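In our numbering, the protein residues as written are 1349 to 1618.
In this text, a Cβ means the ideal position worked out from N, Cα and C, and glycines have one as well.
All of these numbers come straight from a predicted model, not from anything done at the bench.
Below: one structure, written as structure tokens.
Take a look at the structure:
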């Protein structure tokens, strides 16, 4: 696959449970550089992106594209725009969120860069305006937080939606893919294998939640204790968000009902 030499990344210095080693900020192009996601407004981060652009032969940064509005992906966008005068793009659903956008995009839109063309793939689920960027010629996809290089993505209601998330994974599974460039973690060399893994993981969690309900667990906290036995306690609050997202999906499908803070299978009575 030719042309990947025009893709680099500068990792933000924001490691953590949610961000792994830090946010991957991608640079694409030859002389006019397009940046995908800017995590931090700090001078060190902005200087690092500019230095990486220069190292790859870039004369200027022309565009900044955001996968979504979570701060570890958009927090430095305005600072980079101010430094280099690049045009800033964001999902049409989030127009005005930062206050300095120059362009908006939706599903199916195309965005040219110096060396190729990206197609916008709207992938709600992790965040309702989330977009991936697909280059069909090279069969590569910049996945933001929809798919990570390691581990799984948190789906946190109310904006996070498990039904939409699974639909978005199915949408991505229909693309011709050679490599995935995630927002966190290493590059993914087996795209369709990773997508299948993600879908299977979510269906496995759903089965575990249904089993927990059958065993009499009625609250999200109780379900987390029963299901996430190998997860450190500090991460249980994050796990509760995913359990809640699954429960909302199951309620929408008519398989589970909620009574206050308690959940029941629809074939069981309190």
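Sub-7 Å separation of residue i and residue j beta-carbons
{"i": "residue 1436", "j": "residue 1427", "result": "no"}
{"i": "residue 1383", "j": "residue 1409", "result": "yes"}
{"i": "residue 1497", "j": "residue 1473", "result": "no"}
{"i": "residue 1499", "j": "residue 1531", "result": "no"}
{"i": "residue 1507", "j": "residue 1379", "result": "no"}
{"i": "residue 1611", "j": "residue 1595", "result": "yes"}
{"i": "residue 1355", "j": "residue 1376", "result": "yes"}
{"i": "residue 1411", "j": "residue 1434", "result": "yes"}
{"i": "residue 1372", "j": "residue 1420", "result": "no"}
Buried/exposed call for residue i, threshold 16 Cβ in 10 Å
{"i": "residue 1367", "result": "buried"}
{"i": "residue 1613", "result": "exposed"}
{"i": "residue 1365", "result": "exposed"}
{"i": "residue 1391", "result": "exposed"}
{"i": "residue 1430", "result": "exposed"}
{"i": "residue 1400", "result": "buried"}
{"i": "residue 1374", "result": "buried"}
{"i": "residue 1352", "result": "exposed"}
{"i": "residue 1560", "result": "buried"}
{"i": "residue 1349", "result": "At residue 1349 the pLDDT is 41, less than 50, meaning the model places this residue with poor confidence; the figure from the coordinates comes in the next sentence. By the 10 Å Cβ count, residue 1349 comes out exposed."}
{"i": "residue 1526", "result": "exposed"}
{"i": "residue 1593", "result": "buried"}
Inter-residue Cα distance where the pair is residue i and residue j
{"i": "residue 1552", "j": "residue 1449", "result": "40 Å"}
{"i": "residue 1597", "j": "residue 1483", "result": "31 Å"}
{"i": "residue 1591", "j": "residue 1517", "result": "18 Å"}
{"i": "residue 1369", "j": "residue 1539", "result": "21 Å"}
{"i": "residue 1603", "j": "residue 1554", "result": "11 Å"}
{"i": "residue 1600", "j": "residue 1615", "result": "15 Å"}
{"i": "residue 1418", "j": "residue 1457", "result": "22 Å"}
{"i": "residue 1574", "j": "residue 1565", "result": "8 Å"}
{"i": "residue 1549", "j": "residue 1514", "result": "11 Å"}
{"i": "residue 1570", "j": "residue 1563", "result": "11 Å"}
{"i": "residue 1454", "j": "residue 1414", "result": "12 Å"}
{"i": "residue 1357", "j": "residue 1605", "result": "45 Å"}
{"i": "residue 1528", "j": "residue 1510", "result": "21 Å"}
{"i": "residue 1442", "j": "residue 1504", "result": "18 Å"}
{"i": "residue 1537", "j": "residue 1490", "result": "13 Å"}
{"i": "residue 1360", "j": "residue 1522", "result": "31 Å"}
{"i": "residue 1547", "j": "residue 1579", "result": "20 Å"}
{"i": "residue 1403", "j": "residue 1439", "result": "29 Å"}
{"i": "residue 1447", "j": "residue 1488", "result": "30 Å"}
{"i": "residue 1394", "j": "residue 1588", "result": "35 Å"}
{"i": "residue 1451", "j": "residue 1535", "result": "28 Å"}
{"i": "residue 1582", "j": "residue 1557", "result": "20 Å"}
{"i": "residue 1389", "j": "residue 1541", "result": "35 Å"}
Three-state class that DSSP yields for residue i in the structure shown
{"i": "residue 1513", "result": "helix"}
{"i": "residue 1349", "result": "The predicted model places residue 1349 with a pLDDT of 41, which falls under 50 and marks its position as unreliable; any figure quoted below should be read in that light. Three-state DSSP puts residue 1349 in coil, outside helix and strand."}
{"i": "residue 1455", "result": "coil"}
{"i": "residue 1618", "result": "Confidence at residue 1618 is low in this model, with a pLDDT of 48, below 50, so the placement of that residue should be treated as unreliable; the coordinate-derived value is given next. Coil."}
{"i": "residue 1380", "result": "strand"}
{"i": "residue 1404", "result": "coil"}
{"i": "residue 1354", "result": "helix"}
{"i": "residue 1475", "result": "coil"}
{"i": "residue 1553", "result": "helix"}
{"i": "residue 1588", "result": "helix"}
{"i": "residue 1620", "result": "With the chain running from 1349 to 1618 in the structure shown, residue 1620 is simply not present."}
{"i": "residue 1545", "result": "helix"}
{"i": "residue 1360", "result": "coil"}
{"i": "residue 1572", "result": "helix"}
{"i": "residue 1395", "result": "helix"}
{"i": "residue 1530", "result": "strand"}
From the options, residue whose alpha carbon lies closest to that of residue i
{"i": "residue 1470", "options": "1583, 1488, 1478", "result": "1478"}
{"i": "residue 1485", "options": "1558, 1474, 1464", "result": "1464"}
{"i": "residue 1608", "options": "1567, 1541, 1509", "result": "1567"}
{"i": "residue 1584", "options": "1531, 1502, 1521", "result": "1502"}
{"i": "residue 1520", "options": "1480, 1593, 1352, 1432", "result": "1480"}
{"i": "residue 1445", "options": "1422, 1404, 1389", "result": "1422"}
{"i": "residue 1524", "options": "1467, 1558, 1557, 1560", "result": "1467"}
{"i": "residue 1545", "options": "1522, 1488, 1495", "result": "1495"}
{"i": "residue 1476", "options": "1460, 1451, 1416, 1459", "result": "1416"}
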